[in-house]
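Structure first, then comments.
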Amino acid sequence: MSPRTFSLVIVAAVAGFLAAPFLIAAAPYESTMGLVQKIFYFHAPSGMMMFLAAFLSGGAGAVYLFKGRPAADRLGLAAAELTVLFGLIVLVTGPLWARKAWGVWWQWDFRLTSSLLVWMVFVAYLLVRKYGGPGSDKLAAVVALFGAANVPFVYVSVNVWRTLHPKTTVVPSLGPGMREPFWFSVLIFLLLFVALLTVRLRLAAQQAELESLYRDLDEGSVGV
Amino acid sequence: MKRRVLLVCVCALGLLAGLRMDARQQPQAAPATQPPQAAQSEFVPVKDLPAAEQMPAGPLVLGAYGFMWAVVLLYVFLLSRRLRAVQKDIDALKAQTRN
Numbered sequence: 000m001s002p003r004t005f006s007l008v009i010v011a012a013v014a015g016f017l018a019a020p021f022l023i024a025a026a027p028y029e030s031t032m033g034l035v036q037k038i039f040y041f042h043a044p045s046g047m048m049m050f051l052a053a054f055l056s057g058g059a060g061a062v063y064l065f066k067g068r069p070a071a072d073r074l075g076l077a078a079a080e081l082t083v084l085f086g087l088i089v090l091v092t093g094p095l096w097a098r099k100a101w102g103v104w105w106q107w108d109f110r111l112t113s114s115l116l117v118w119m120v121f122v123a124y125l126l127v128r129k130y131g132g133p134g135s136d137k138l139a140a141v142v143a144l145f146g147a148a149n150v151p152f153v154y155v156s157v158n159v160w161r162t163l164h165p166k167t168t169v170v171p172s173l174g175p176g177m178r179e180p181f182w183f184s185v186l187i188f189l190l191l192f193v194a195l196l197t198v199r200l201r202l203a204a205q206q207a208e209l210e211s212l213y214r215d216l217d218e219g220s221v222g223v
Numbered sequence: 883m884k885r886r887v888l889l890v891c892v893c894a895l896g897l898l899a900g901l902r903m904d905a906r907q908q909p910q911a912a913p914a915t916q917p918p919q920a921a922q923s924e925f926v927p928v929k930d931l932p933a934a935e936q937m938p939a940g941p942l943v944l945g946a947y948g949f950m951w952a953v954v955l956l957y958v959f960l961l962s963r964r965l966r967a968v969q970k971d972i973d974a975l976k977a978q979t980r981n
């Protein structure tokens, strides 16, 4: 991504996040949940970004496993970090909403439990990359594939099993006052996702350059 | 040492005994309380909590948004710190290889 495009993305994301609270405050209240339902406008987009990041990490992991491209490995690692980040937002904002809406902080139903498990899989990915030693990149790619494969089950779980969590039909059925702030939130979260991924990929590329310089230095000193 | 421990125990026992005797001798002050209520014989269910007792949603909403901002800003801060550290190492290595 060119520096100019990246700057535009950053500016748009920041402006969007500054404007979002006003749009969300202007949205109508939900009839049964009232004010607490407004957590939805950050909770659901965070969930979408978590799923997107998980798919990206799994897909990049697959490319790295079968084609061996280092760029795919770097993308897998960057996306895994974002999965953990957005997953953390989902897993904290959800219970804050649930406490008021359901009367409990947490329920061990399929949607909540499987979301927690996917998040833990990607935490495991990061731990494997950090402490796994040689060969951990390939092992982590398998972990990412496993995590990404679980995402569709997490998504459809609310429609298949009995759960307190709202179903997937909620979003398509949003009324006029709620639809606009929701999709605006999705857009700004997507911009944030792209910006963070770009920066994280730059860090990964720099780390690769550093390793290459160390190797050259070692080869040079060995040659002497 | 043993004599000292024994002396401390005897003094503590004596103090406790003295306190109990004091308590028995002083008349119990009449408590300034409301007249005793009749014990509840049953629980009466209601459908909705009274508004005054319902959990306020405001702190939960603010907490959710605040947490989201805090986590994102922390991640951005950590990323920028890592970027600076790696760039510093790269510059140092490049200078070393040039020399």
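Protein chains in written order, with the numbering used here: chain A, 0 to 223; chain B, 883 to 981. Ideal Cβ positions, reconstructed from N, Cα and C, are used throughout, including at glycine.
A residue is called buried when at least 16 other Cβ atoms come within 10 angstroms of its Cβ; Gln936(B) does not meet this threshold and is exposed. Secondary structure at Gly33(A): strand, using DSSP grouped into helix, strand and coil. The contact set of Arg199(A) on chain B, defined by CB atoms closer than 7 Å, consists of Leu961 in chain order. For the C-beta of Lys99(A), the chain B residues within less than 7 Å are, from N- to C-terminus, Met937, Ala939 and Leu942. Against chain B, a Cβ distance below 7 Å from Val91(A) picks out Phe949.
Neighbourhood of Gln106(A) in chain B, by CB distance below 8 Å: empty, with the nearest CB roughly 17 Å away. Comparing alpha carbon positions, the residue from Thr168(A), Leu163(A) and Leu84(A) closest to Val103(A) is Leu163(A).
Here DSSP, grouped into helix, strand and coil, assigns Trp182(A) to helix. Excluding sequence positions up to five before and after Ile88(A), its CB lies within less than 7 Å of the CB of Ser45, all in the same chain and listed in chain order. Straight-line spacing of the CA atoms in Gly33(A) and Arg110(A) works out to 23 Å. Listed along chain B are Val968 and Ile972, each with a C-beta nearer than 9 Å to that of Glu208(A).
A direct Cα-Cα distance of roughly 10 Å separates Phe50(A) from Ser56(A). Ile972(B) and Tyr947(B) have their alpha carbons spaced roughly 38 Å apart.
Secondary structure at Pro133(A): coil, using DSSP grouped into helix, strand and coil.
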